[in-house]
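Below is one structure, written out as structure tokens; the observations come after it.
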Amino acid sequence: NAGVTQTPKFQVLKTGQSMTLQCAQDMNHNSMYWYRQDPGMGLRLIYYSASEGTTDKGEVPNGYNVSRLNKREFSLRLESAAPSQTSVYFCASSPSVGVVMNTEAFFGQGTRLTVV
Amino acid sequence: GENVEQHPSTLSVQEGDSAVIKCTYSDSASNYFPWYKQELGKRPQLIIDIRSNVGEKKDQRIAVTLNKTAKHFSLHITETQPEDSAVYFCAARSSGNTGKLIFGQGTTLQVKP
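The listed protein sequences correspond, in order, to chains A and B. Heads up: the first sequence begins at 15 in the working numbering, then just goes up one per residue. Heads up: the second sequence begins at 60 in the working numbering, then just goes up one per residue.
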């Protein structure tokens, strides 16, 4: 059981380049998330998808776009990378949002992105 | 928007002592409060969670308390061990379709042998 799988694990980009981070989960979860982790800043929510076909901005969405391709996959795109986007990116998924169904979010292994 | 504040940012304790980490949240609709542990170079993993209809939950050496009126919740680790050393994150999530999971800034816990 793979859980949440992110690709790639490491990436170096030049300023202005674009790339897409891929995330897939095999737990039949409705909710999926993209976070970035920077020292002293915790995990900051970039974008969120409550279900297939829906996306919502998080705390730090500027410079990013997302696509919820289907129930399994949620991708994060950097159109024109900047050094400020150097970070560790985590994808996560959880079961349906709801009064009774709020349960554990599972994380991918992370993508370490460096923009030079 | 939703906000979660976590304190302290770093905490150093002697092995066997207790550690307490505190969080406050801004969204009164939040009803789910998980705590995650992240070891160096690893992904965050859930260690305990609490729902808004419960005031306290305990799992062996770990306990979480929730005060909905004051909008704060705390993690308590008793009899700390060196393997408890890690970064701990609190989070809050509201119900409904906009139930985003918002994290605090993290606490680096060091347990000295």
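Glycine residues also receive a C-beta, built at the ideal position from the N, C-alpha and C atoms.
| Check | Outcome |
| --- | --- |
| E64 (chain B), DSSP secondary structure in three states | strand |
| For G67 (chain A), the nearest candidate out of A:N76, A:Y78, A:V74, A:R82 (CA to CA) | A:R82 |
| Within-8 angstroms CB hit, E118 (chain A) to chain B | yes |
| Chain-order list of residues whose beta-carbon lies under 8 angstroms from that of V80 (chain A) (same chain, five-residue window excluded) | W48, I60, Y61, S63, T69, F88, S89, L90, R91 |
| Integer-rounded CB distance, given that G17 (chain A) should sit under 8 angstroms from Q39 (chain A) | 7 angstroms |
| Members of the stretch 45–62 of chain A that neighbour chain B once the beta carbon cut-off is set at 8 angstroms | S45, Y47, Y49, G54, M55, G56, L57, R58, L59, Y62 |
| L168 (chain B) versus B:A150, B:L99, B:K159, B:K116, residue with shortest Cα-Cα distance | B:L99 |
| Cross-chain neighbours of S72 (chain A) in chain B, by beta carbon under 7 angstroms | Looking at the sequence provided, one finds Gly at residue 72 (chain A) rather than Ser. Within chain B, the residues near G72 (chain A) are K159. |
| Same chain only: Cβ atoms within 6 angstroms of C149 (chain B), ignoring 5 sequence neighbours per side | Q65, C82, W94, G163 |
| Nearest-angstrom beta carbon gap, K117 (chain B) and Q104 (chain B) [assumed within contact, 8 angstroms] | Not quite, the Cβ-Cβ distance comes to about 19 angstroms (not below 8 angstroms), so this is no contact. |
| Under 8 angstroms between C-beta atoms of F92 (chain B) and I106 (chain B) | no |
| Closer than 7 angstroms at the beta carbon, the chain B residues around G124 (chain A) | R102 |
| Proximal chain B residues relative to F88 (chain A), where beta-carbon distance stays under 7 angstroms | Near F88 (chain A) there are no residues of chain B at all, since even the closest Cβ is about 14 angstroms away, more than 7 angstroms. |
| Cβ neighbours of V113 (chain A) in the same chain (closer than 7 angstroms, five flanking residues each side left out) | At V113 (chain A), the pLDDT of 46 sits below 50, so the modelled position is not reliable; the number obtained from the coordinates is stated separately. Here the set comprises nothing. |
| Given D86 (chain B) as reference, the closest of B:I161, B:K101, B:G75 once Cα atoms are compared | B:I161 |
| Reduced DSSP secondary structure (H/G/I, E/B, other) of S108 (chain A) | strand |
| Beta-carbon proximity list for Q73 (chain B), same chain, < 7 angstroms, skipping 5 on both sides | K171 |
| Other residues of its chain near K85 (chain A): CB distance less than 6 angstroms, five sequence neighbours each side excluded | E66 |
| Close Cβ partners of K159 (chain B) (< 8 angstroms) along its chain, the five nearest in sequence each way excluded | E61, R152, S153 |
| Within chain A, the residues that G114 (chain B) reaches when beta carbons sit closer than 7 angstroms | In chain order: nothing, as chain A lies at least about 17 angstroms away. |
| Residue interval of the beta strand (DSSP E) (run including D76 (chain B)) | Unbroken run through D76 (chain B): none, as it is neither H nor E. |
| E118 (chain A) (DSSP reduced to helix, strand or coil) | coil |
| Chain A contacts made by the stretch 79–110 of chain B, where a contact means CB separation under 9 angstroms | N90, Y91, P93, Y95, Q97, G100, K101, R102, P103, Q104, L105, D108, R110 |
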